[in-house]
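These notes concern the structure reproduced below.
There are 2 protein chains.
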Amino acid sequence: MSGRLVVIGTGPGKPAQTTPEARAAIAAASDFFGYGPYLDRLELNDGQTRHASDNREELARAKAALTMAAQGRHVAVVSGGDAGVFAMAAAVCEAIEHGPEDWRALDLEIVPGLTAMLAVAARVGAPLGHDFCAISLSDNLKPWELIETRLAAVAGAGFVIALYNPISRARPWQLGRAFELLSGILPASTPVVFGRAAGRPDERMAIVPLNEARGEMADMATCVIIGSPETRLIERPGKSPLVYAPRSATGAAR
Amino acid sequence: MSGRLVVIGTGPGKPAQTTPEARAAIAAASDFFGYGPYLDRLELNDGQTRHASDNREELARAKAALTMAAQGRHVAVVSGGDAGVFAMAAAVCEAIEHGPEDWRALDLEIVPGLTAMLAVAARVGAPLGHDFCAISLSDNLKPWELIETRLAAVAGAGFVIALYNPISRARPWQLGRAFELLSGILPASTPVVFGRAAGRPDERMAIVPLNEARGEMADMATCVIIGSPETRLIERPGKSPLVYAPRSATGAAR
Numbered sequence: 001m002s003g004r005l006v007v008i009g010t011g012p013g014k015p016a017q018t019t020p021e022a023r024a025a026i027a028a029a030s031d032f033f034g035y036g037p038y039l040d041r042l043e044l045n046d047g048q049t050r051h052a053s054d055n056r057e058e059l060a061r062a063k064a065a066l067t068m069a070a071q072g073r074h075v076a077v078v079s080g081g082d083a084g085v086f087a088m089a090a091a092v093c094e095a096i097e098h099g100p101e102d103w104r105a106l107d108l109e110i111v112p113g114l115t116a117m118l119a120v121a122a123r124v125g126a127p128l129g130h131d132f133c134a135i136s137l138s139d140n141l142k143p144w145e146l147i148e149t150r151l152a153a154v155a156g157a158g159f160v161i162a163l164y165n166p167i168s169r170a171r172p173w174q175l176g177r178a179f180e181l182l183s184g185i186l187p188a189s190t191p192v193v194f195g196r197a198a199g200r201p202d203e204r205m206a207i208v209p210l211n212e213a214r215g216e217m218a219d220m221a222t223c224v225i226i227g228s229p230e231t232r233l234i235e236r237p238g239k240s241p242l243v244y245a246p247r248s249a250t251g252a253a254r
Numbered sequence: 001m002s003g004r005l006v007v008i009g010t011g012p013g014k015p016a017q018t019t020p021e022a023r024a025a026i027a028a029a030s031d032f033f034g035y036g037p038y039l040d041r042l043e044l045n046d047g048q049t050r051h052a053s054d055n056r057e058e059l060a061r062a063k064a065a066l067t068m069a070a071q072g073r074h075v076a077v078v079s080g081g082d083a084g085v086f087a088m089a090a091a092v093c094e095a096i097e098h099g100p101e102d103w104r105a106l107d108l109e110i111v112p113g114l115t116a117m118l119a120v121a122a123r124v125g126a127p128l129g130h131d132f133c134a135i136s137l138s139d140n141l142k143p144w145e146l147i148e149t150r151l152a153a154v155a156g157a158g159f160v161i162a163l164y165n166p167i168s169r170a171r172p173w174q175l176g177r178a179f180e181l182l183s184g185i186l187p188a189s190t191p192v193v194f195g196r197a198a199g200r201p202d203e204r205m206a207i208v209p210l211n212e213a214r215g216e217m218a219d220m221a222t223c224v225i226i227g228s229p230e231t232r233l234i235e236r237p238g239k240s241p242l243v244y245a246p247r248s249a250t251g252a253a254r
C-alpha cells in the first residue's frame, strides 16, 4: 500500500501564521478533506481535489480520508489551528483504532499548527504565561456535568482556563452557565478575554472582568481565556491593556 | 519615543515550524535578547546584535530589552516554542507593570509560535485531543505543594497533563515525585509520552505506561505528556504506536 495520510493544522487563519511545514504538506497532497471554510482558505491547483464536509461529521470524514489513503492516494485532512487540539487528529486516530487492520499500516503524518489560544494570548499580552488548561465547552460528546466538574477543579486550583467551542446555535446557554459557576470560585475582577478570529481581518478582542462576562460576547470563532486569581491587568495610555499570568504563583489568592 | 519591542516565539526548533510571521519579525529587529541557545538558532546579519543571557535571568533580560527599546531601538526578545507559554512574554509584561511609566507607551508586539507540547503531540498521535492542561514543574517561582495540589486536581478531573520544565540539575527529584503522586490517582497503564527535541535532529520520543515512568527518562529538552484515564494506545505493525485522547469523554474511568 503506497497511500498516505497527512493531518494538517493550518493555524488560526492569518497566512503568515501557517508554518512552512504545513504549506509544504498542502502542496504535496492530492485530496483534501475538511470543514468547508477551512478548505476555502487553501490555494489548491487543478490537480488537487476538495472533499468538503460539515463541521460535525468528524468521524465520517476521518473514515472517508483513510479509505481513500488506503486506495493509494496522498490524502490531507485539514484543520484550522492545530490538528491535535479539539480537531481532526484525534478523529483520525479513533477511526484507525476501530477500523480495518490495514489502516494501521498506512503512512500517517501529523503536522502541528498554531492553536487559537496561543494566537489570542499573543494579542493581549501573556494570559497563558503560567499553568493553564484548555477545555472544550461542547457537551455534544461529553456530559455537561463533567464539564462543570472540570471547570470547578481547575479554577479552584489556580489554572488559567482557555475555552474552545464556547457557544453555537445548538449550545446557547453553556458559556453563560460556565461564567456563573466560575463567579462562585474566582474574584469578580478576574480578567476574561474574548478573542475572536485572532490575526484575521475580522479580529475582535475584548477584555472584561468576570462579573461582566456574558455568553453573548462570544461566537463560534471565539476562544475565551479566563484568568486565575493571580492574573494581572496593566492599563496603558492610548493602548489596549495587557493581561498576563505572572511567572511566580503563591496559590494564596485561592 | 520611536522604539519598539517584539517578543518572538520561534517554535520548537525545526526550521519549517517557525512561522513566516516570526521570521519576518526577526529580520526587522536590530537587537536580540534571549537565552544563548535560542539566539544561536537565528541567522542574523552584520547589522543585528545579540545580547545573550542565562536561562534563569528572565526578568533582568526583559528589563534590559525594554530599556533599550525605550532608547529608540527595534528590540526582539526571543523564546523557543511559544513566547507566551512559560516564556518571555510574561516576564516582559511583569517588567512593564513594575517599571517606569514610559514603558507602557512602547510599541509592543507578541508573535506566537508553536509550543513544545503541540509538536510532541503531533509526533505520537493526538494525546492532546481532548481537555488538557500545561503545568511548569519548576518550583523556582512557586511552592512545590502548589504543584502537587494542581497535579492532583487535574488528574482527578480527567485532564491530560503536559509538563514543561520537568527536570534540571537543580531540580532532580520533582518529576519522579510527580509520577509517584499521579500513580495514586491514574491507572498504572496510563500512557506517558517523553517527547524530547521534537522535530530536531536529536529528537527522541518514548511512550511508557505510568507505572514504568521514571524521572531519569526526561531531560531539560523534554516535554512530558501524561494521559487521562480515557487515553488510548494503538499498536501498529512495524510502526511506533499512536497515543490519543478520544473526542468523547464519560469521566467514568475516574
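Quick mapping for you: the protein sequence lines, in order, are chains L and D.
With full-length UniProt numbering, letter number 88 in the first sequence gets 88, and the count goes up by one each step, no holes.
With full-length UniProt numbering, letter number 17 in the second sequence gets 17, and the count goes up by one each step, no holes.
Every residue, glycine too, gets a C-beta built ideally from N, C-alpha and C.
Residues sharing a beta bridge with residue i, DSSP
{"i": "residue 205 of chain L", "result": "L:195"}
{"i": "residue 38 of chain D", "result": "Its beta-bridge partners do not exist; DSSP assigns none."}
{"i": "residue 243 of chain D", "result": "D:125, D:233"}
{"i": "residue 93 of chain D", "result": "Residue 93 of chain D is not bridged to any residue."}
{"i": "residue 7 of chain D", "result": "D:77, D:110"}
Test: residue i CB closer than 7 Å to a CB of chain D
{"i": "residue 129 of chain L", "result": "yes"}
{"i": "residue 82 of chain L", "result": "yes"}
{"i": "residue 76 of chain L", "result": "no"}
{"i": "residue 133 of chain L", "result": "yes"}
{"i": "residue 242 of chain L", "result": "yes"}
{"i": "residue 16 of chain L", "result": "yes"}
{"i": "residue 6 of chain L", "result": "no"}
{"i": "residue 187 of chain L", "result": "no"}
{"i": "residue 237 of chain L", "result": "yes"}
{"i": "residue 255 of chain L", "result": "Look at the range of chain L in this structure, 1 to 254, and you will see that residue 255 of chain L is not part of it."}
Through-space distance from residue j to residue i, alpha-carbon basis
{"i": "residue 46 of chain D", "j": "residue 224 of chain L", "result": "42 Å"}
{"i": "residue 7 of chain L", "j": "residue 140 of chain L", "result": "23 Å"}
{"i": "residue 14 of chain L", "j": "residue 162 of chain L", "result": "20 Å"}
{"i": "residue 254 of chain L", "j": "residue 20 of chain L", "result": "At residue 254 of chain L, the pLDDT of 45 sits below 50, so the modelled position is not reliable; the number obtained from the coordinates is stated separately. Roughly 43 Å between the two C-alpha positions."}
{"i": "residue 227 of chain L", "j": "residue 205 of chain L", "result": "15 Å"}
{"i": "residue 135 of chain L", "j": "residue 71 of chain D", "result": "42 Å"}
{"i": "residue 25 of chain L", "j": "residue 182 of chain D", "result": "38 Å"}
{"i": "residue 67 of chain L", "j": "residue 102 of chain L", "result": "10 Å"}
{"i": "residue 257 of chain L", "j": "residue 149 of chain L", "result": "For residue 257 of chain L there is no data in the structure shown, the boundaries of chain L being 1 and 254."}
{"i": "residue 240 of chain L", "j": "residue 229 of chain L", "result": "21 Å"}
{"i": "residue 123 of chain D", "j": "residue 137 of chain D", "result": "22 Å"}
{"i": "residue 98 of chain D", "j": "residue 59 of chain D", "result": "11 Å"}
Proximity to residue i [Cα-Cα], best of the options
{"i": "residue 115 of chain L", "options": "L:195, L:131, L:159, L:216", "result": "L:195"}
{"i": "residue 189 of chain L", "options": "L:67, L:210, L:38", "result": "L:210"}
{"i": "residue 65 of chain L", "options": "L:231, L:95, L:54", "result": "L:95"}
{"i": "residue 216 of chain D", "options": "D:179, D:110, D:85, D:89", "result": "D:179"}
{"i": "residue 167 of chain L", "options": "L:146, L:221, L:97", "result": "L:221"}
{"i": "residue 142 of chain L", "options": "D:251, D:48, D:160, D:41", "result": "D:251"}
{"i": "residue 158 of chain D", "options": "L:158, L:151, L:160, L:164", "result": "L:151"}
{"i": "residue 12 of chain D", "options": "D:62, D:112, D:237, D:175", "result": "D:112"}
{"i": "residue 235 of chain D", "options": "L:247, L:104, L:197", "result": "L:104"}
CB of residue i within 7 Å of CB of residue j, strictly
{"i": "residue 207 of chain L", "j": "residue 191 of chain L", "result": "yes"}
{"i": "residue 245 of chain L", "j": "residue 153 of chain D", "result": "no"}
{"i": "residue 82 of chain L", "j": "residue 118 of chain D", "result": "yes"}
{"i": "residue 4 of chain L", "j": "residue 31 of chain L", "result": "no"}
{"i": "residue 93 of chain L", "j": "residue 242 of chain D", "result": "yes"}
{"i": "residue 53 of chain D", "j": "residue 9 of chain D", "result": "no"}
{"i": "residue 84 of chain D", "j": "residue 89 of chain L", "result": "no"}
{"i": "residue 69 of chain L", "j": "residue 75 of chain L", "result": "yes"}
{"i": "residue 121 of chain L", "j": "residue 91 of chain L", "result": "no"}
{"i": "residue 55 of chain D", "j": "residue 38 of chain D", "result": "no"}
Residue-chain proximity (residue i, chain L), Cβ-Cβ < 7 Å
{"i": "residue 149 of chain D", "result": "yes"}
{"i": "residue 251 of chain D", "result": "yes"}
{"i": "residue 97 of chain D", "result": "yes"}
{"i": "residue 13 of chain D", "result": "no"}
{"i": "residue 125 of chain D", "result": "yes"}
{"i": "residue 247 of chain D", "result": "yes"}
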